[in-house]
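Protein chains: 2
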Amino acid sequence: MVPPFLTIGEVAARLGIATSALRYYERRGLVVADTRRSGQRRYSEATVRRLVFVQMLQDAGLSLDEIEGVLAAGDNAEWKGIARRRLAQLDADIARLTHARELLDLALHCRFDHPLDECRVMNAEIDQRLDMAGSALGVAGGV
Amino acid sequence: MVPPFLTIGEVAARLGIATSALRYYERRGLVVADTRRSGQRRYSEATVRRLVFVQMLQDAGLSLDEIEGVLAAGDNAEWKGIARRRLAQLDADIARLTHARELLDLALHCRFDHPLDECRVMNAEIDQRLDMAGSALGVAGGV
DNA sequence: CCTTGACCTGAACCCGGGTTCAAGTGGCAG
DNA sequence: CTGCCACTTGAACCCGGGTTCAGGTCAAGG
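Chains Z and H, in that order, give the protein sequences.
Numbering follows the working numbering, in which position 34 of the first sequence is assigned residue number 34; successive positions increment by one, without gaps.
Numbering follows the working numbering, in which position 120 of the second sequence is assigned residue number 263; successive positions increment by one, without gaps.
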């Protein structure tokens, strides 16, 4: 049976995280050890789950402040608000990374033998971006 | 024709970037103004393009150090190496974000009325992650 | 008894990518 | 001449998410 309490080192090992990070979370008020035995933190199974949850949200790109908000949310409208905002941001991020990925991929298979600044694909993209921001650069000589 | 030189403020406005960032790039040796007029930086069109290129690579998730590497690459094997590494990383990032997105989305449409820690989907994911890292936690004795 | 190892604390430090600040210069308008 | 504005510099600071360090406590084992 062995009361299911883990030391900070065990938790750290299990979650693949540094003990210093666990203490840091506690400082932040995010996740506090359930109890102490002669001064040392002991974590319950439930708290370990909570930590995994924190990791998940972190993976989803939430800041520790946001995660605090989610954990503290009494109202479920509260975490859903945070989640929705983050969902929109995720979509934007994914789109941006996907575009970057395509670009990089094209550049790699462009032609095998010219420097990057002569790459047609890259230059097209640069032109695009310049046009987006309102170009006076190639348009007219004078201000 | 009016030599097509822009002041730092003009470049900043055009690229949607702070002047301080441009000076910072110069400090880093990334992109240096072409010339000076009574001490003030002047940027050529070519240099502005270079800056846009820097922004693109930054969007693709390269660090300024890596970007320096790409810009300095004499050998095209050099930038291709960096690009390939980053491409792999992008794939991983995209996959991770996509997974997080799905999860968050499911959680949002889960049931309309329970706190997040009672969400079936979330708990399934937490279990998964615990199992991944070798679980002794739920195996014996548990609650 | 004494060492060893894991743990404790607060305070300081690290990193990347800038931003901010104080103090000074240059040039043009009124 | 006097503003005024955009520009210059080096140095200091900010942020998030931790890590590192010095110095101390505790329990077990040889």
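The beta carbon of each residue, even a glycine, is placed where N, CA and C say it ideally should be.
**OP:** Whole angstroms is fine: what's the gap from Z:A140's alpha carbon to H:P147's?
**Re:** Here residue 140 of chain Z refers to the residue found at position 140 of the first sequence. Here residue 147 of chain H refers to the residue found at position 4 of the second sequence. Any reading at Z:A140 must be qualified, since the residue scores a pLDDT of 39, below 50, and its modelled position is unreliable; the value itself is stated next. Rounded to whole angstroms, Z:A140 to H:P147 spans 10 Å at the Cα level.
**OP:** List the whole-angstrom C-beta distance separating Z:L90 from Z:A60, where the pair is believed to meet the contact cut-off of C-beta under 8 Å.
**Re:** Taking the first residue of the first sequence as position 1, residue 90 of chain Z is located at position 90. Taking the first residue of the first sequence as position 1, residue 60 of chain Z is located at position 60. Rounded, the Cβ-Cβ distance is 7 Å, consistent with contact.
Original post:
Taking all protein chains shown into account, do 16 or more other C-beta atoms lie within 10 angstroms of the C-beta of H:Y167, making it buried, or fewer, making it exposed?
Top reply: As a position in the second sequence, residue 167 of chain H is number 24, starting the count at 1. Exposed, by the Cβ-count rule.
Original post:
Going by other Cβ atoms of all chains shown within 10 Å of its Cβ, with 16 needed for buried, is Z:A21 buried or exposed?
Top reply: As a position in the first sequence, residue 21 of chain Z is number 21, starting the count at 1. So Z:A21 ends up on the exposed side.
Subject >> Proximal residues to H:T162 (C-beta, below 7 Å), its chain only, five neighbours per side dropped >> reply: What you label residue 162 of chain H is simply residue 19 of the second sequence in a count that begins at 1. Excluding residues within five positions, the ones whose Cβ falls inside 7 Å are I151, G152, A155.
Subject >> Spatial neighbours of H:R179 in its chain, beta-carbon cut-off 8 Å, leaving aside the 5 residues before and after >> reply: For the purposes of this step, residue 179 of chain H is identified with residue 36 of the second sequence, where counting begins at 1. Excluding residues within five positions, the ones whose Cβ falls inside 8 Å are R185.
Subject >> First and last residue of the uninterrupted alpha helix (DSSP H) at Z:G69 >> reply: On the first sequence, residue 69 of chain Z is found 69 positions in, with the first residue counted as 1. Where Z:G69 is concerned, the enclosing alpha helix (DSSP H) stretches over 64 to 72.
**OP:** Decide if Z:A72 is buried, meaning its Cβ has at least 16 other Cβ atoms within 10 Å, or exposed.
**Re:** Within the first sequence, the letter at position 72 stands for residue 72 of chain Z. Exposed, because fewer than 16 other Cβ atoms sit within 10 Å of the Cβ of Z:A72.
Original post:
Is the CB of Z:L187 under 7 Å away from at least one CB in chain H?
Top reply: The structure shown does not extend to residue 187 of chain Z, since chain Z is modelled only from 1 to 143, so the question has no answer here.
Original post:
Quick one: what does DSSP say Z:L106 is sitting in, helix, strand or coil?
Top reply: Taking the first residue of the first sequence as position 1, residue 106 of chain Z is located at position 106. In this structure, Z:L106 counts as helix in the three-state DSSP scheme.
Original post:
Between which two residues does the alpha helix (DSSP H) harbouring H:A276 extend?
Top reply: Residue 276 of chain H sits at position 133 when you count from the first residue of the second sequence. Taken as a continuous stretch (DSSP letters only), H:A276 belongs to no alpha helix (DSSP H), as it is neither H nor E.
Original post:
According to DSSP, what are the bridge partners of H:L240?
Top reply: Here the question's residue 240 of chain H lines up with position 97 in the second sequence. Looking at the DSSP assignment, H:L240 forms no beta bridge with any residue, so it has no partner.
**OP:** Leaving aside the five residues before and after Z:H114 along the sequence, list all residues of the same chain whose C-beta is less than 6 Å from its C-beta, in chain order.
**Re:** Against the first sequence, residue 114 of chain Z aligns to sequence position 114. Same-chain partners within the cutoff: there are none.
**OP:** Have a look at H:G159 and Z:L87 and give me their C-alpha separation to the nearest angstrom.
**Re:** For the purposes of this step, residue 159 of chain H is taken as residue 16 along the second sequence, with counting starting at 1. For the purposes of this step, residue 87 of chain Z is taken as residue 87 along the first sequence, with counting starting at 1. Taking the straight line joining both Cα atoms gives about 25 Å.
Subject >> Interface residues of chain Z facing H:E209 [CB-CB closer than 7 Å] >> reply: Locating residue 209 of chain H in the second sequence gives position 66, counting from the first residue. Simply none; closest approach about 12 Å.
Subject >> Closer than 7 Å to chain Z by CB, H:F196 >> reply: By one-based count along the second sequence, residue 196 of chain H stands at place 53. Yes, H:F196 counts as interfacial toward chain Z.
Subject >> Z:C119 beta carbon less than 7 Å from that of Z:A107 >> reply: The residue you call residue 107 of chain Z lines up with position 107 of the first sequence. The residue you call residue 119 of chain Z lines up with position 119 of the first sequence. It is a contact, given that the beta carbons lie within the stated cut-off.
Subject >> Within the stretch 11 to 45 of chain Z, ranges of the alpha helix (DSSP H) (whole runs, at least 4 residues) >> reply: 19 to 28
Original post:
By Cβ distance below 8 Å, which residues in the same chain neighbour H:E209 in space, the five residues on each side in sequence not counted?
Top reply: In the second sequence, the residue the question calls residue 209 of chain H occupies position 66. Here the set comprises L200, I225, R229.
**OP:** Might you give, ordered along the chain, the residues of its own chain that have their beta carbon closer than 6 Å to the beta carbon of Z:T47, omitting 5 neighbours on each side?
**Re:** As a working mapping, residue 47 of chain Z is identified with position 47 in the first sequence. So the qualifying residues of the chain are D34.
Original post:
Measuring CB to CB, does Z:R50 end up less than 7 Å from Z:V32?
Top reply: The count along the first sequence starts at 1 and reaches residue 50 of chain Z at position 50. The count along the first sequence starts at 1 and reaches residue 32 of chain Z at position 32. Contact: no.
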